[in-house]
Structure formats: structure tokens, C-alpha cells
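Numbering (the numbering used here), first residue to last: 26 to 445.
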Amino acid sequence: INILNARKLLKDVEISDKLLKKIAKLCIELGVDGHRADILIAAAAKTIASYNQRKKVTGDDIKEAADLVLPHRMRKQPFQEPEPIEDKVDEIMDEDDEDDDGDDDEQKDDEQEQEEKEEQQDDEQESQPQPPQPENDDNQKGKQKKNYDIGNSQKPDIKINKDKKLRMGSGKRAKTLSSKSGKYVKAKIPKEKASDIAIDATIRASVVRNVGCGKGKIKIEKDDLREKVREKKKASVIVFVVDSSGSMAAKKRMEAAKGAVMALLEDAYQKRDKVGFVAFRGNKAEVLLKPTSSVELAARYLKELPTGGRTPLPDGMYKGFELLKREINKDKNTIPAMVLITDGKGNVAIQKNVREEVISLSNEIKENNIHLMVIDSGAGFLKLGYNSEIVEAGCGEYINLDELSADNIVDAVKSNLIKI
26 INILNARKLL KDVEISDKLL KKIAKLCIEL GVDGHRADIL IAAAAKTIAS YNQRKKVTGD
86 DIKEAADLVL PHRMRKQPFQ EPEPIEDKVD EIMDEDDEDD DGDDDEQKDD EQEQEEKEEQ
146 QDDEQESQPQ PPQPENDDNQ KGKQKKNYDI GNSQKPDIKI NKDKKLRMGS GKRAKTLSSK
206 SGKYVKAKIP KEKASDIAID ATIRASVVRN VGCGKGKIKI EKDDLREKVR EKKKASVIVF
266 VVDSSGSMAA KKRMEAAKGA VMALLEDAYQ KRDKVGFVAF RGNKAEVLLK PTSSVELAAR
326 YLKELPTGGR TPLPDGMYKG FELLKREINK DKNTIPAMVL ITDGKGNVAI QKNVREEVIS
386 LSNEIKENNI HLMVIDSGAG FLKLGYNSEI VEAGCGEYIN LDELSADNIV DAVKSNLIKI
């Protein structure tokens, strides 16, 4: 009931110019880019006031709204922790209140004095006879001039921003042909009735057909019609399955694996893909993050990732597979990818046999068109784990942590994602 009443009251809620200036100063002092934050703080403050059954926004409403709007907008990097802003907000909102009140009082006095002068002048003008004014076109234009200044009847030019990466045909992840939407990349002869006509290609076909006719006109025939072929980016869902058991012997290698995943998470942040996270250690795997575009949560869990214990490799692969399978069922057009970071030395089975289980799961991954990348974190020349068998059964990409530097690992994984 309170929310329904707040909706009705919201349109009548007012916010003073003084508080609007406070909001602007708040965003400037805190180094927030753009004007979206100013607008959202004002809108949120009005909503808070209406929810509390008030028609005027208060300073406390601004403080509460700022706490909702500003923290994540102050980050300069994707995974930078938001800084506490409560003290700064209080300082800015509480300062100069007395001076502002004084300025408002002086402004009101000035406005009142000006209004009295204008009323006096109007009375004097009304008391004096005015000569008749001829109604000519110039006077009419003068009366209408402000309206023409305010409104603009001309239609703005429509500009279409080109996607450079897609136009180049490389460096763009997960492209797919689409008949309804996406970027127009080429034309084709329609098999049936053309629903999305390519005007340029149609005209070119007509010109070629009429070469030598000398009529100087373009006549479009049915055989000239060409249809657009469109291309659009498909969303990727990347699940990181990380071995956090004690078998990943060197702490340095564990940190390198974490660093590689962090870089990949940042790339996923920029691409707006979904990211999930599974860690396995002890006797079971744990889903730390279901696939989401809010990858800052994944970064937080990764930073606090515990190590030690046994290696339930099959369960880790199974939990990652289940997450991806769920996303595939939600959206058949999604591009699923699993990044498995382990030395492959699994020693805890789901039921009986580790080797049979990891090979079976790898086959399931391949059959469901899940793109598999295995980062081998094992030390030494001799590799005793199941990684090679996982890659072979799952038709995956194998990346050896011993052979590649941290930067090269990131480049290798990114290039593999681009190929998808």
C-alpha cells in the first residue's frame, strides 16, 4: 500500500534549486564523470521522499540516494573496490547551509523588490493612454519569434555508428548470421520472398542488367531484388573451473593461474559476456558464482580463493558443465566456454573411477558444443595428470603453464575465445 501511495505522490514531489546545486557539487567533488549520476541522485531522492509520504526532498534524501548511485561510479577500473563516501557526502551536504539560507533570503528580497517595481511601472503605463499599434507582419513576427527559437521543426540527420571490429572481420568474438537484426555485411539473391531488401545491391543489379540500353532510367525488375545478410555478436558464457587443492604444489603457480583468470575476467567485463566460477578442493566442488555479467563478484571470490586439500577434479568439471548446460537451455544462441585450470591430478571421484568420469564428462562437453580450454598448472617436465586425456576427449585447447609466461597464457586464451 505504501508503494502504491508513493507512486501517486511522486509526480508532486519537488526538489529545491539549493539541493540541486548540492547534488552537482557532490558529483564534482567526488570526481564522477558525466551527468547521469546527477540525474539519478535527484530522481532517487524524489522517490525516497515520496515513499516517506513527503512532497519535498530533504538533505537526508540526497545522502541516501547518493549512497545508492555514486560508489560504483567512482571506480576507474572494473574491479576496483568502491571507496567509502559517507563522510565526504555528509561534509558536502552540511557545509555552507547558513550562507545558502542567507543567499536565498537576499534573493527572495531582491525578487520581491523587483516585482514591486514592475507592478508600479505597469500601473503607470495603464494610467497613460497608449497610441494604437498597427497590426502588421513585423509585429506578428516579433510576437512569434520566441516560439521559433524554442522549437525546431527540422529533422536531425540520422547517423549510424560503424562497428569497426565487425567491419574488419577479425577480432570480434562470437559472430553469427541473423535474418532479422544485426549489421548489414553483404547481399544475396533471395530464395523466397525478400523480407529485408538491400537497396544498394538491388540498384547495382539493375544497372548491370540495363547496361547498353541507353534509356538513362533505372527499372527494377523482380530478378534484381537482393536481400540483406546481417551479422550480429552472440553472447558468450565463460565458466572458470579452478583447482584450488593442495596438488597445485607451488604457490607461485597458483598466483600465476589467478592472475591469468583475472585478466580474462577483465576481458569478459569489457565484452559484456557472462562469467561463472567453480572452485574444487577437498571432497567436492563449489559453485562460487553462477554465470552473470557482474564479474566484480567473481573477482572478489577469486581474490579470496582458499587452497589445500584433495582434488575432486570430476566434480569440478561436472559443476561447470551443469552451469553451462543451464545457460544453453535458456538461450540456444549462447556461446559456452569452459576454462579449466588444474594440474589434472584428480584423486576424488564422484562415484568410483576418476579417469572414467573425467573422460565421460569431456565427451559430454564436446557433444554439447562447449568450447574447452585447459590451462595446465602442473610443475615439471613429466605430466602425470589427466589433462591430455581431457583435451583429447573434449576436443579442447591445451595451454601449458610451464611453457608459457603469464602474459602469453592470457594471450593464448583470449585468441582462443576470439576464434569461437
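Note that beta-carbon positions come from the ideal geometry of N, C-alpha and C, so glycine has one too.
For the region 349-407, the continuous alpha helix (DSSP H) assignments of 4+ residues that do not extend past its boundaries occur at 379-392, in sequence order.
Between A223 and the set S318, Y76 and K208, the nearest pair of CA atoms involves K208.
Note on K244: under 16 other CB atoms within 10 angstroms of its CB, so exposed under the neighbour-count rule. Going by C-alpha positions, I434 is about 46 Å away from A68. Under the DSSP definition of a beta bridge, A285 lacks any partner.
Per DSSP, G301 is one residue of the beta strand (DSSP E) stretching across K299 to R306. DSSP, reduced to helix, strand and coil, places E111 within a helical segment of the structure shown.
Between the region 73-89 and the region 37-45 there are three or more inter-stretch CB-CB distances shorter than 8 Å, so the stretches are counted as touching. Between F346 and I87, the alpha-carbon positions lie close to 46 Å from each other. The alpha-carbon separation between R98 and D92 amounts to approximately 11 Å. Under the DSSP assignment, D268 falls in the beta strand (DSSP E) whose first and last residues are S261 to D268. Pairwise C-beta distances place the region 357-372 in contact with the region 331-343, as three or more of them are shorter than 8 Å. In the three-state scheme derived from DSSP, where H, G and I count as helix and E and B as strand, R32 is classed as helix. The continuous alpha helix (DSSP H) containing I64 extends over residues R61 to Y76. Taking the C-beta atoms as reference points, T359 is found no nearer than 8 Å to S270. In the structure shown, A212 falls within a strand segment according to DSSP collapsed to helix, strand and coil. A distance below 8 Å separates the beta carbons of I384 and A418.
By the neighbour-count criterion, in which 16 or more other beta carbons inside 10 Å mark a residue as buried, H60 falls on the exposed side. Distance check between I66 and each of S75, D248 and A49 places A49 closest, using alpha-carbon atoms only. Scanning Y411, V266 and V300 for the CA closest to the CA of A310 turns up V266.
For V312, the beta-bridge partners assigned by DSSP are V303.
If the five residues before and after G333 are omitted, its C-beta is found closer than 6 Å to the C-beta atoms of G271, all from its own chain and listed in chain order. One alpha carbon belongs to L29, the other to S75, and they sit about 10 Å apart. In this structure, DSSP gives I222 an extended state, which the three-state scheme calls strand.
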